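Visitor: Here's a structure for you.
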Amino acid sequence: MARSLVRGRRTRRRPRSAWLGWLFALPAVTVYLVFVIRPLLLTVQYSFYDWNGIGPATWVGLDNYVRLVTDSELFATIVHAFELILFFSFVPVLLGLAVAATIRRIAQSRLALVARTVLFLPQVIPLVAAGIMWTWLLSTTGLINQLLTAVGLGSLTRAWLGDFDTALPAVGVIGAWVQIGLCTLLLLAGMSKIDNSLYEAARLDGAGPVREFRSITLPSLRQEIGVCLTVTIISALASFDIIYVSTQGGPGNATMVPGLEIYYLAFAEREIGMASALAVALTVLVLLCVLPLQRITRDGTR
Amino acid sequence: MIVTRRETLIGRALLVLLMVLTVLPFISLFVTALHPSGTYPDGLSWPSNPQWGNFADAFSAANMDRLLVSSALIVLGVVPLSVLFGTMAGFAFGHLRMPGHRIGFLVFVLGLTLPFEGLITPLYYQVRDLGLLNTRWAIILPLIGLFMPFSVLWMRAHFVNMPDELSEAARIDGASTWQLFWRVHLPLAKPALSSLAILLFLWTWNQFLLAIVLVDDPAKRTMAGALGAFQGQWGTDIPLLCAGSLLILAPTLIIFLIFQRRFVAALLQGSLKG
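So the protein sequences, as listed, match chains F and S.
The working numbering numbers the first residue of the first sequence as 1 and each following residue consecutively.
The working numbering numbers the first residue of the second sequence as 1001 and each following residue consecutively.
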């Protein structure tokens, strides 16, 4: 028995069946190649052409990319996407940290268990629905203005999504609402894994809540914070659904983001080349933002 | 000890506040849906004469029955195949570890962060050339491919933790690799499989971009795509729009509340692995 076990281990990588694994991976590899890798390469190819999608395409080299950097309207979409990171990502992570640190002690209470369900609601509904909901809340007669009037700040009321100055932050608030529950619960789950004796020792040494948070909680949450940032930054850079239903990129171009601009360029203005160049830029930006984060979180866990 | 009690109290208050902020938009939507059709009600006011009929009107205006069937068909097309393909590849990369498995897996991992908008233009022409525009296949087939990085990563994480001894024992009993996968490993992977299925269901059901680009007829789209069309059509009738939005998001909400434990676990793990 023992001998056959040893032999089993050795022969597991018999030459004859060594490649068999690829047969198992074949369906996944095929659909991935056809519906992800091929389109990805085509996007890169299209980005070097001037093409309206129907007629012949003309090679224009890097012209589309030059236009992307020099055309202020196109470049503004990328700037907007980075401004949205502030709302979609930093606000939920910072608030989530603050909230989770405060409620850590009651993580096992019945209230916290109910909260686990409730705080996930925005993650379960379509983003389009979140957009429609908040469009109504932020409208002239909506709840936000109603509340402002009630507390005597009636002078601040406005059509939040229709105002050039407030439209982008208003869209950001919708994103923050979607992400904050997930971030809070992820960070809370991370905190529940921290050994409680650490906190007791800190208390005995006379550490206050702030010191406790900085010295124990924060360092232990490296991985969870990295995850929250990764997920939310991708959703900020690739935002589409919320903006499509709440502002369509307006007023003017105040809330135009790369995702929406790609859609308009490709399917309304028939500028396939330009749309593809922006798509490549967006993909590269996401990778540039997310890959360093992956490295940080990996190092933290090993 | 008094300090701790005060902290607990603050914690509870904060948690309640956060829950109120989460739920308030839903309540506003619900209350507004009960106002007379065509009016502009105030943000949060209970109507003097609640119009429950708005929900029935929205049900027929949104073609809810057809939407439910359509979304269910799309989910049935996407989820089982994605789970099967993802599991087989996850088994290969995580357990069989054939030559080149590291590079193969890395290529899948890279696909994890790709924004769908970056691929949508060529996808449109590809689907058109296949003659599938405006059919449900236009959503189903690309989604299976687009979900593959996550599915493979998710299932590999499961298989990588399965002890090799298990397979060795089965091999000694004369199991082929296929039997090993099908009879030994698949039954053990059930928790990972069901979590993956839940996440894929949710993402398929809520998929918006592919639905609006690849399918013109709202009745052949996903729920989220149909909601976009409904907003375009009834966007000026606020109470009806609110009623329709509630109806369209109700199915996921109901399924979520029924299976909430599994959903919460899957969502938490899902973001950790994603």
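Glycine included, every Cβ here is placed at the ideal spot set by N, Cα and C.
None of the values given here were measured: they were computed from a predicted structure.
State yes or no: is the beta carbon of Gly1251/S nearer than 7 Å to at least one beta carbon in chain F?
Guide: Residue 1251/S is actually Pro in this sequence, not Gly. No, Pro1251/S does not count as interfacial toward chain F.
Visitor: So which of Gln108/F, Ala18/F, Val44/F and Ile233/F has the shortest CA-CA distance to Val178/F?
Guide: Nearest of Gln108/F, Ala18/F, Val44/F and Ile233/F to Val178/F, Cα basis: Ile233/F.
Visitor: Gly181/F touches chain S at which residues, Cβ-Cβ below 7 Å?
Guide: Neighbours of Gly181/F on chain S, chain order: Thr1022.
Visitor: Leaving out five residues before and five after Val173/F in sequence, what residues of the same chain have Cβ atoms less than 7 Å from its Cβ?
Guide: Cβ within range, chain order: Phe87.
Visitor: Would you please verify whether the beta carbon of Tyr32/F is less than 7 Å from any beta carbon of chain S?
Guide: Taking Cβ atoms only, chain S reaches closer than 7 Å to Tyr32/F, which makes this a yes.
Visitor: Give a yes or no on whether the minimum CB-CB distance between Thr217/F and chain S is below 7 Å.
Guide: For Thr217/F, the answer is no, since every Cβ of chain S falls outside 7 Å of its Cβ.
Visitor: Against Phe1091/S, what residues of chain F qualify as contacts under a CB-to-CB distance less than 9 Å, listed in chain order?
Guide: The contacting residues are Gly21, Phe24 and Ala25.
Visitor: Buried or exposed: which applies to Ile1002/S, given that a residue is buried once 16 or more other Cβ atoms fall within 10 Å of its Cβ?
Guide: Only weak support exists for where Ile1002/S lies, its pLDDT of 48 falling under 50; the coordinates are left without a value.
Visitor: Comparing C-alpha positions only, which one of Gln1126/S, Ala1224/S and Leu1015/S sits nearest to Arg104/F?
Guide: Of Gln1126/S, Ala1224/S and Leu1015/S, the residue nearest in Cα terms is Leu1015/S.
Visitor: With C-beta atoms as the reference, is Leu138/F less than 7 Å away from Trp160/F?
Guide: Yes; because the gap between Cβ atoms is below 7 Å, this pair is in contact.
Visitor: List the residues of chain S that Thr184/F touches, going by C-beta distances under 8 Å, in chain order.
Guide: Ordered by position in chain S, the residues that pass the 8 Å Cβ test against Thr184/F are Leu1018.
Visitor: Which residues in chain F have a C-beta closer than 7 Å to the C-beta of Pro1047/S? List them in chain order.
Guide: Simply none; closest approach about 14 Å.
Visitor: Could you tell me the alpha carbon to alpha carbon distance between Tyr263/F and Glu1117/S, rounded to whole angstroms?
Guide: Tyr263/F and Glu1117/S: Cα-Cα distance of roughly 8 Å.
Visitor: When you compare the CB positions of Ile272/F and Tyr46/F, do they come within less than 7 Å of one another, or not?
Guide: Cβ distance < 7 Å, so Ile272/F and Tyr46/F count as in contact.
Visitor: What does Thr30/F pair with, by DSSP beta-bridge criteria?
Guide: For Thr30/F, which the question treats as bridged, DSSP gives no partner whatsoever.
Visitor: Measuring only between beta-carbons, confirm whether Gln146/F sits less than 7 Å from chain S.
Guide: Chain S contact via Cβ: present.
Visitor: For Arg1006/S, decide whether its Cβ has a neighbour in chain F, counting only Cβ atoms nearer than 7 Å.
Guide: By this cut-off, Arg1006/S is not an interface position.
Visitor: Are Ala1170/S and Val1152/S touching if we call contact CB-CB under 7 Å?
Guide: Contact: no.
Visitor: Quick check on the DSSP output: the alpha helix (DSSP H) that includes Trp177/F runs from which residue to which?
Guide: Start and end: Ala167 to Met191.
Visitor: Using a Cβ cut-off of 7 Å (strictly closer), state whether Ile296/F contacts chain S.
Guide: By this cut-off, Ile296/F is not an interface position.
Visitor: Looking at the C-beta of Asn1206/S, does it have a partner C-beta in chain F at a distance below 7 Å?
Guide: Yes, Asn1206/S counts as interfacial toward chain F.
Visitor: If Val1079/S and Ala1197/S are in contact, beta carbons under 8 Å, what's the gap, nearest whole angstrom?
Guide: That pair is a contact at about 6 Å.
Visitor: Closest to Leu218/F by CA distance: which of Gly162/F, Phe82/F and Leu188/F is it?
Guide: Checked all of Gly162/F, Phe82/F and Leu188/F; the closest Cα to Leu218/F is Leu188/F.
Visitor: From Ser215/F to Ile1010/S, what does the alpha carbon distance come to, in whole angstroms?
Guide: Spanning the two alpha carbons is a distance of roughly 21 Å.
Visitor: Among Leu1146/S, Ile1027/S and His1158/S, whose alpha-carbon lies nearest the alpha-carbon of Lys1190/S?
Guide: The candidate whose alpha carbon is nearest that of Lys1190/S is His1158/S.
Visitor: DSSP three-state label for Trp160/F, please.
Guide: Note: Trp160/F maps to coil in three-state DSSP.
Visitor: Under 7 Å, do Ile1139/S and Ala1211/S count as touching if we go by C-beta distance?
Guide: Yes; because the gap between Cβ atoms is below 7 Å, this pair is in contact.
Visitor: Taking the C-alpha atoms as reference points, what is the distance between Leu319/F and Asn1134/S?
Guide: Residue 319/F lies beyond the stretch modelled for chain F, which goes from 1 to 302, so this question has no answer here.
Visitor: Mapping the DSSP letters down to three states, classify Asp1237/S as helix, strand or coil.
Guide: Residue state, collapsed to three classes: coil.
Visitor: Using DSSP with H/G/I as helix, E/B as strand and the rest coil, what is Thr1113/S?
Guide: Coil, per DSSP.
Visitor: Are the CB atoms of Met1155/S and Thr1087/S nearer to each other than 7 Å?
Guide: Against a cut-off of 7 Å, the Cβ pair of Thr1087/S and Met1155/S comes out as a contact.
Visitor: Is there at least one Cβ from chain S nearer than 7 Å to Pro39/F's Cβ?
Guide: Taking Cβ atoms only, chain S reaches closer than 7 Å to Pro39/F, which makes this a yes.
Visitor: Going by the DSSP bridge assignment, what does Tyr49/F pair with across the sheet?
Guide: The partner list for Tyr49/F (beta bridge, DSSP) reads Trp59/F.
Visitor: For the segment 1209-1239 of chain S, which residues have a CB atom closer than 7 Å to at least one CB atom of chain F, in sequence order?
Guide: Listed in sequence order: Leu1209, Val1213, Met1223, Ala1224, Leu1227, Gly1228, Gln1231 and Ile1238.
Visitor: 7 Å is my cut-off, CB to CB: does Gly250/F come that close to chain S?
Guide: Chain S, which has no Cβ nearer than 7 Å to the Cβ of Gly250/F, makes this no.
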